Amino acid sequence: MKITGLIDCVSTRLLFLLVSNRNQWSTAFRFSTLHHSQVSKNVYRPFGTANVARHMSASASASPLTSSDATPKTVAIAGAGVIGISTAYYLSVKHNIKSILIDPTGSFAPAASGKAGGFLALDWNDHIRPLGALARRSFALHAELASDLGSESIMYRRLSCVTVSVREGVKSKPAGRKLDGVEVDWVIPDGDANVVASRNLGDETTIAQVHPKMLCEAMVKASGAKVVRGEVVEPTRDPSTGKIIGARLKEGSFNDESVAVVPSDALLFACGPWTQLSTLMGRDAPADNARIAMYGVKYHSALVPTPGGPSNSLTEAIFFDGCGDPEVYPRPDGTAYCTGFPDPAVVVIERPGEEAIRPEKIARITDACREAAGEALSAKPVAENACYLPTTGDGLPIMGVVPEENGCYVAAGHSCWGILMGPATGEAMAELIASGGKTLVGSSGEVDLKPFDPARFLN
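Numbers 802 to 1260, taken from our numbering, label the letters of the sequence shown in order.
Next up, the structure:
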């Protein structure tokens, strides 16, 4: 099978399943092609449309993997999502460095980091070595965070996961029976003839979940980071030394005119799908923009009450194969996070926290879940959301020093694994920033930032 373009988040999650049993499960591998004609030119750029490099006075000629020598005392972080918040957390607890989170909404986790499902998998990225190492380290860090912050405060728990292949057009209801030796504890179609197959995807040793918004809130509180409203345009530098002395905000994006520049001595861009790397790197030519640009894959979700409520919370996530392939992540509060049917990848023009919810998408998700799961997911949704998952052109996140820009860093593009990989990304970026851009392999020895270097797009 030849794949052109970008692989969507659903297929990324199930790629390992295809590899392990190609003949039986090839239908689980789904992908979409990105056509540049679909990418809007009307791009919302939180860092300004001008060539940022042009505004960098006295910029040093650092190599792509080198930044400044000094350890910063205060780091400005553009973007208050899970990547920026995780970095602020580890800057605080491991390096005693203060952070200021700057977000256009003035709040934390306004986009995907507050609306995602929070599904965590230890080994689903092992087919790509650098991602596998990042995911494994982060899976372990999630457990540490649950211990340090309180598992109930972030709704963290271990659970199991199965895939159930169902025949479309047949109503179903809870049955609680075994199929092919797999215990499906809360819902399967009514009658074995209506099930193509079922299979374990992981147990409590390899699968977990967390509530993304609650996790972000707990880390913000623990880090002591301040969250302010604003859109970062560029770093401000000392004209005599070239060192960063602040983060300049876009005019009109902040409340207090006296804080047009947020004082800091390092700057991290972590704005998810709004992280325009081409602009940061001073390459605004259309060809460069298409090659370097960050894309967003829009997902909708519905939060549906499950039978029994919190006292009988379900402990098994299900990836359905059939009925449109919905994904269902039950939570310990007696709800199930239902999602699926992603849009094609685009350059995002909707503003953070203002992503439009399309009723027809929500209806498609809830109808598919009812078709696949029957009465267990027949209740009316208590919440509906939409968000963009950030994706790069080559499928790898960007994490490192902005090429040729001392003291300026970037971390974004983790696709559907942003919540999973947030802690390890934050830990690694905190070490990189604290070392002045020199520590590329974290103290854990598990995460090497070199494969994620943004300078790879310059080659």
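Backbone N, C-alpha and C fix where the C-beta goes; we use that ideal spot for every residue, glycine too. Predicted, not measured: the structure shown is a model, and the values here were computed from it.
- A check of alpha carbon separations from C1124 across P1111, A934, I1166, E1005 identifies I1166 as the nearest.
- About 5 Å separates the Cβ atoms of V1034 and R1049, confirming a contact at the 8 Å cut-off.
- Pairing E1185 with V1105, the inter-Cα distance amounts to about 9 Å.
- Per the C-alpha coordinates, the member of G1246, K1099, A1256, D1254 positioned closest to R937 is G1246.
- The C-beta distance from G1073 to F1055 rounds to 20 Å, too long to fall under 8 Å, and the pair is not in contact.
- If you ignore the 5 residues before and after K916, its C-beta comes within less than 6 Å of the C-beta of N1186, C1188, all in its own chain and listed in chain order.
- Bounds of the alpha helix (DSSP H) holding C1017 are 1013-1024.
- For T1107, the three-state secondary structure derived from DSSP is coil.
- By the CB criterion at 8 Å, P1191 and M1095 fall inside the cutoff.
- Collapsing the DSSP output to three states places N1113 in a helix.
- Here the C-alpha atom of D1122 lies approximately 21 Å from the C-alpha atom of V1098.
- A1212 is the residue among L1250, A941, A1212 whose C-alpha sits nearest the C-alpha of A881.
- Measuring C-alpha to C-alpha distances from G1219 to each of V997, A912, E1232 identifies A912 as the nearest.
- Put simply, the backbone Cα of L946 is about 8 Å away from that of S952.
- Its Cα nearest to that of P1133, the residue E1117 stands out among D1144, E1117, P1255, I901.
- A distance below 8 Å between beta-carbons, with the five flanking residues on each side excluded, links V997 to the following residues of its chain, in chain order: S966, V967, R968, D1122, G1123.
- Runs of the alpha helix (DSSP H) lying entirely within the stretch 887-938 and spanning at least 4 residues, in chain order: 913-916.
- Listed in chain order, the non-local C-beta contacts of D1004 below 7 Å within the same chain comprise S961, local neighbours out to five positions each way being set aside.
- When the beta-carbon positions are compared, T875 and P1036 stay at least 8 Å from each other.
- The continuous stretches of alpha helix (DSSP H) do not include A1146, and DSSP gives it neither H nor E.
- With a cutoff of 8 Å on beta-carbon distance, I884 and G1223 are scored as near each other.
- Around L942, the same chain offers P1224, A1225, E1228 as residues with beta carbons nearer than 7 Å, after the five sequence neighbours per side are excluded.
- Exposure of A1157 is indicated by the presence of fewer than 16 other C-beta atoms within 10 angstroms of its C-beta.
- As a beta-bridge residue in DSSP terms, A1184 pairs with L1104.
- With respect to the 8 Å criterion, L921 and L1221 are classified as neighbours on the basis of their beta carbons.
- Rounded to whole angstroms, the gap between the alpha carbons of S1179 and C1170 is 8 Å.
- Taken atom to atom, the span from the alpha-carbon of I955 to that of F909 is near 15 Å.
- A straight-line Cα-Cα distance of about 43 Å links L950 and S1041.
- If you draw a straight line from the Cα of L1259 to the Cα of E1205, it is about 11 Å long.
- Of the candidates P873, L1081, W1075, P1013, L1081 places its Cα closest to the Cα of A1256.
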